[in-house]
Ligand code: TYM
């Protein structure tokens with residue numbers, strides 16, 4: 001199966017990115033044909049410094065490799081290295097109803113907050129549809145927040161087919177039961193735009209402080225607590241074994257302990273969990289040329305596939 005997904009290089013990767021998406025990339029890479037990319041064109045809608053964007057892009061490549069993405073099994077590349085995708089975006093754009101994009105949440109949220117949105121943000125889901133369709137992707141592993149965009153992709157492919165005939169493979173979103181919506185330190189969805197993220201890498205002490213500041217209710221220590229729907233408990237679950245989760249739920253219900261104890265357990269478990277990747281990342285950072293070579297080889301392979309799909313779409317639309 002062709003599996004494809006992308007991540008924007010808008011800053012440090014966080015627990016939501018890992019448990020919602022990256023963990024799936026790695027699980028799926030061995031028995032599928034994985035295409036994973038760094039969505040720098042999408043990031044341009046928010047990152048407006050060239051140096052920053054370049055640095056972020058290389059950082060994400062390092063992160064993914066350190067976390068276990070294997071370039072011998074999967075294809076890793078940078079979105080903008082495949083110009084076929086932007087041409088395909090235009091082909092799709094000509095059949096995209098304005099109303100469909102007006103309902104998409106990234107644009108809608110910004111509008112509702114009274115912020116100015118540009119055409120890049122408005123047409124963001126069309127570029128994302130082209131990303132998916134350009135590689136004949138069958139499965140798209142993502143967090144819950146991206147499922148709407150994959151539905152849009154299916155709609156756009158469907159309307160292209162209606163006008164010009166069967167051309168694309170229709171993709172399906174894949175989300176996990178645990179991890180599809182990882183909460184941030186304030187209980188809302190973990191997201192850079194809410195400033196509530198816990199990063200995968202970076203200064204351990206700083207991350208520990210952020211964990212200790214996770215917002216909780218103010219129930220006294222000896223009162224019983226409910227683990228269901230508690231975001232601190234949800235974060236604990238990401239790192240714990242089923243036995244540990246059951247034991248922690250029992251503690252919640254019995255009372256007699258403070259949330260500080262759970263936070264400490266989350267900090268310790270998360271540090272141990274990411275320690276091997278942290279070490280690998282430091283090694284990889286010593287050899288950025290190898291990382292650049294991996295991205296170049298990935299782009300060559302991805303362009304070959306996208307070129308074939310674009311040819312089909314051009315012919316179908318009468319551009320040949
Ligand atoms: P991005 O960069 O915002 O996020 C990357 C991946 O992380 C997931 N994610 C989460 N999962 C669970 N809980 C959270 N709190 C959480 N926060 C983020 C996202 O669902 C995503 O899977 N538009 C995409 C990038 C993209 C893309 C694509 C994805 C561009 N083209 C084609 C798939 C296919 C985005 O902004 O993801």
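Numbering (UniProt numbering), first residue to last: 1 to 320. For glycine and all other residues, C-beta sits at the position ideal for the given N, C-alpha and C.
For residue 36, no alpha helix (DSSP H) encloses it; the enclosing beta strand (DSSP E) starts and ends at 33–38.
The count of Cβ pairs closer than 8 Å, one atom from the stretch 32–41 and one from the stretch 199–211, stays below three, leaving the stretches out of contact. With respect to residue 211, residue 266 sits close: the two C-beta atoms are nearer than 7 Å. Checking the 6 Å criterion, the Cβ of residue 128 is within range of a heavy atom belonging to ligand 1.
Burial state of residue 254 is exposed, judged by a 10 Å Cβ sphere holding fewer than 16 other Cβ atoms. Looking at the DSSP output, residue 172 sits in a beta bridge with 139. Residue burial annotation: residue 242 is exposed, with fewer than 16 other C-beta atoms found within 10 angstroms of its C-beta. Segment contact: the stretch 184–192 against the stretch 123–139, fewer than three CB-CB distances shorter than 8 Å; contact not assigned. When Cβ pairs closer than 8 Å are counted between the two stretches, the stretch 122–130 is seen not to touch the stretch 17–27, the count staying below three.
If you check the CB distance, residue 38 and residue 78 come in under 7 Å. Each residue's CA atom was taken as its position, placing residue 178 and residue 249 some 16 Å apart.
Exposure of residue 97 is indicated by the presence of fewer than 16 other C-beta atoms within 10 angstroms of its C-beta.
With a threshold of 6 Å, the Cβ atom of residue 29 does not count as near ligand 1, since no heavy atom of the ligand is closer than that. When beta bridges are read from the DSSP output, residue 185 appears opposite no residue.
With contacts defined as CB atoms closer than 7 Å, residue 281 and residue 64 fail to qualify as a contacting pair.
DSSP, reduced to helix, strand and coil, places residue 47 outside both helices and strands of the structure shown, so it counts as coil. In this structure residue 110 is in contact with residue 121, their Cβ atoms being roughly 7 Å apart against a cut-off of 8 Å. DSSP, reduced to helix, strand and coil, places residue 312 within a helical segment of the structure shown. DSSP places residue 228 in the coil class of the three-state scheme, outside both helix and strand. In this structure residue 14 is buried. Its beta-carbon is surrounded by 16 or more other beta-carbon atoms within 10 angstroms. Residue 57 carries a helical assignment under DSSP once its states are collapsed to helix, strand and coil. Residue 99: member of the alpha helix (DSSP H) spanning 98–102, first to last residue. In this structure, the C-beta of residue 189 approaches ligand 1 to less than 6 Å from one of its heavy atoms. Note on residue 162: under 16 other CB atoms within 10 angstroms of its CB, so exposed under the neighbour-count rule. Distance from the CA atom of residue 215 to the CA atom of residue 186, rounded to whole angstroms, is 5 Å.
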